[in-house]
Each structure stands twice: as C-alpha cells, then as structure tokens.
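Residue numbers (my numbering): 41 to 249. Beta carbons: idealized from backbone N, C-alpha and C, even for Gly. Just so it is clear, the structure is predicted and the values come from calculations on it, not from any experiment. Worksheet for the structure shown next.
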Ligand code: C5P
C-alpha cells in the first residue's frame, strides 16, 4: 500500500504523439498510466494504473486503424501485493517475488483483429538497432521507434528531446535529435502518408507538419 516498483519514464513522448494526432484530425483515445502531464486537447483519456488494466483498456479499444504503444510498461510486477506496510525486522531484507506483466504490444501485434498499423517503441542501452529489429519481429510490429536511453550524456527520461532510429520491415531511418513534439509530428506525417498510400485516403497535408 505504500511502496511500488516504478520506472523513470515521464510519458511526455506518448502525450506529444496523442496531441499531434488530434491536431491532425485523428480521433484519439489515449490510454495512460500514472503521469503528471496535462491531458492533451481533443483526446479521449483513459487512466489506468496497472499493466492488466492497460491491456484491458487496449482490448476494449482494439477496433482502430493505428495503435502507438509508447508506454513504458513494467516487465515485472510483485506477485503478491502486501496489505500492510512492510516493516524492517531484525535486519532481514524482504524478498520480493516477481511475475511477468502481460506484454501488451506483443499481444496486440499478434491479435487476429490487430489494427492495420501497429507501432511500438524500444528504449535501449546498447545494440539499439539489433534489439529493436528483434523486437519488431518478435512482437509482430509494423514500425519500431528505437531510442537510446542515454542521449548526449543524459537519460531520455523526463527530457524534452529525443533521438530516434525508425525501423519498418523495409526501412531504417535516423531521426536526428529534436523535441518530443517535433518527433511526434514527424511520426504523424508518416502515418498519414502510410494510410494515403495503403488505403487511398485523401489525407489533408498541412504546412505545419
Ligand atoms: O520489450 P520492451 O519492453 O523493450 O518493448 C518496448 C515496447 O513494448 C514499447 O512499445 C512498450 O510500450 C511495449 N510494452 C508493452 N507491454 C509490456 C512491456 C512493453 O506493451 N509489458
């Protein structure tokens, strides 16, 4: 009830993407874990606290053209949450038993009714391209936006900038350091182009993106 396992992600990149999609006229549902950011305009926000809740919310919203999984979902969770605060006792360290959380991106990627375009992220500390390529194949994802956890000597978490290696099944493209908003706009432009090519949509192209 008091302490939990968390991570250093701020949610800024995901919120910037939701905002950029809405600005370009998409109907956006943002499923968000606990963050301290303001809800973007014109976005339907669903707040969740656990990986299970996020998976359930994604299952309820699966009937979409495109899903972008930018949440830093934990890979493990405590098997049995304590009911009372854990106390120090006789210098004995507590043993925390972990279990795996559901991998939501992988579940969506392999779902028979998966959205047409499934996009994931991959924050890596080393072998970025190889790890991201493996992840793309393993989770059956169309595009992966990989980034290094360390950028210019600082961690990407809570930072306002990002630097991306974009991977699809045919392309590898380096996106130079830019604001998370600019990265989001670049991604939205690509998504628009994808749907105009694939489906013959008449995508409105604005000068701003
Ligand atoms: O395997 P890894 O956690 O590095 O993969 C990152 C990608 O997988 C991100 O797109 C993240 O949102 C997604 N993910 C997920 N469910 C998890 C762990 C990661 O959807 N339990």
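Coarse secondary structure for residue 200, derived from DSSP in three states: In the chain shown, the residue the question calls residue 200 occupies position 160. DSSP places residue 200 in the coil class of the three-state scheme, outside both helix and strand.
Taking 8 Å as the threshold (C-beta atoms), are residue 203 and residue 221 in contact? On the chain shown, position 181 is the one that residue 221 refers to. On the chain shown, position 163 is the one that residue 203 refers to. No Cβ-Cβ contact shorter than 8 Å links residue 221 with residue 203.
Given this structure, state the Cα-to-Cα distance separating residue 46 from residue 93, to the nearest angstrom. Taking the chain shown and counting its residues from 1, the one referred to as residue 46 is at position 6. Taking the chain shown and counting its residues from 1, the one referred to as residue 93 is at position 53. Their backbone Cα atoms lie some 16 Å apart in a straight line.
Segment limits, beta strand (DSSP E) that includes residue 187: Along the chain shown, read from residue 1 onward, the residue named residue 187 stands at position 147. Start and end: 183-188.
Only counting the same chain, and skipping five residues up and downstream in sequence, which positions put a Cβ closer than 6 Å to that of residue 56? Translated into positions along the chain shown, residue 56 becomes position 16. These residues qualify, in order along the chain: 220, 221 and 224.
Starting from residue 173, follow the alpha helix (DSSP H) in both directions and report where the run begins and ends. Walking along the chain shown from the start, residue 173 turns up at place 133. The continuous alpha helix (DSSP H) containing residue 173 extends over residues 168-178.
Quick check: the segment 153-167 against the segment 104-122, are at least 3 beta-carbon pairs closer than 8 Å? Verdict: yes, contact present.
Answer yes or no: do residue 136 and residue 118 have a C-beta to C-beta separation smaller than 8 Å? Counted from its first residue, the chain shown places residue 136 at position 96. Counted from its first residue, the chain shown places residue 118 at position 78. Yes, the pair counts as a contact, with Cβ atoms nearer than the cut-off.
Enumerate in chain order the residues of its own chain whose CB-to-CB distance from residue 87 is below 7 Å, with the five nearest sequence positions on each side excluded. Within the chain shown, the letter at position 47 stands for residue 87. Cβ within range, chain order: 72.
Segment limits, alpha helix (DSSP H) that includes residue 100: Within the chain shown, residue 100 is the residue found at index 60, counting from 1. For residue 100, the uninterrupted alpha helix (DSSP H) segment begins and ends at 91-100.
Tell me which residues share the same chain as residue 48 and place their Cβ nearer than 6 Å to its Cβ, disregarding the 5 neighbours each side in the sequence. Start at 1 with the first residue of the chain shown, and residue 48 comes out as number 8. So the qualifying residues of the chain are 197.
Does any heavy atom of the ligand C5P sit closer than 7 Å to the C-beta of residue 109? Counting from one through the chain shown, the residue named residue 109 turns up at place 69. Indeed, a heavy atom of the ligand C5P lies less than 7 Å from the Cβ.
Sequence-distant residues of its chain with Cβ nearer than 8 Å to residue 165 (five each side left out): Against the chain shown, residue 165 aligns to sequence position 125. These residues qualify, in order along the chain: 188, 189 and 190.
DSSP on residue 115, reduced to helix/strand/coil? One-based indexing of the chain shown puts residue 115 at position 75. Per DSSP, reduced to three states, the secondary structure at residue 115 is coil, with no helix or strand assignment.
Can you tell me where the alpha helix (DSSP H) with residue 122 in it begins and where it stops? For the purposes of this step, residue 122 is taken as the residue at position 82 of the chain shown. For residue 122, no alpha helix (DSSP H) run applies, since DSSP gives it neither H nor E.
Under the three-state reduction of DSSP, which class applies to residue 232: helix, strand or coil? Along the chain shown, one-based indexing puts residue 232 at 192. Taken through DSSP and simplified to helix, strand or coil, residue 232 comes out as helix.
Alpha carbons only, please: which of 41, 51 and 67 is nearest the one belonging to residue 228? Here residue 228 refers to the residue found at position 188 of the chain shown. Closest option to residue 228, Cα to Cα, is 67.
What would DSSP say about residue 66, mapped onto helix, strand or coil? The residue labelled residue 66 in the question sits at position 26 within the chain shown. Reduced to three states, the DSSP call for residue 66 is coil.
Nonlocal neighbours in the same chain, by C-beta distance under 6 Å from residue 61, ignoring five residues either side: The residue labelled residue 61 in the question sits at position 21 within the chain shown. For residue 61, the CB contacts under 6 Å within the same chain, skipping 5 residues up- and downstream, are 68 and 228 in chain order.
Near residue 95, which residues of its chain fall below 6 Å by C-beta distance, leaving aside the five closest residues on each side in sequence? By 1-based counting over the chain shown, the position of residue 95 is 55. The beta carbon of residue 95 is closer than 6 Å to those of 142 and 144 in its chain, skipping five residues each way along the sequence.
Could you say which of 231, 138, 111 and 53 lies nearest to residue 122 if we only look at CA atoms? Taking the first residue of the chain shown as 1, we reach residue 122 at position 82. For residue 122, the nearest C-alpha among the options comes from 138.
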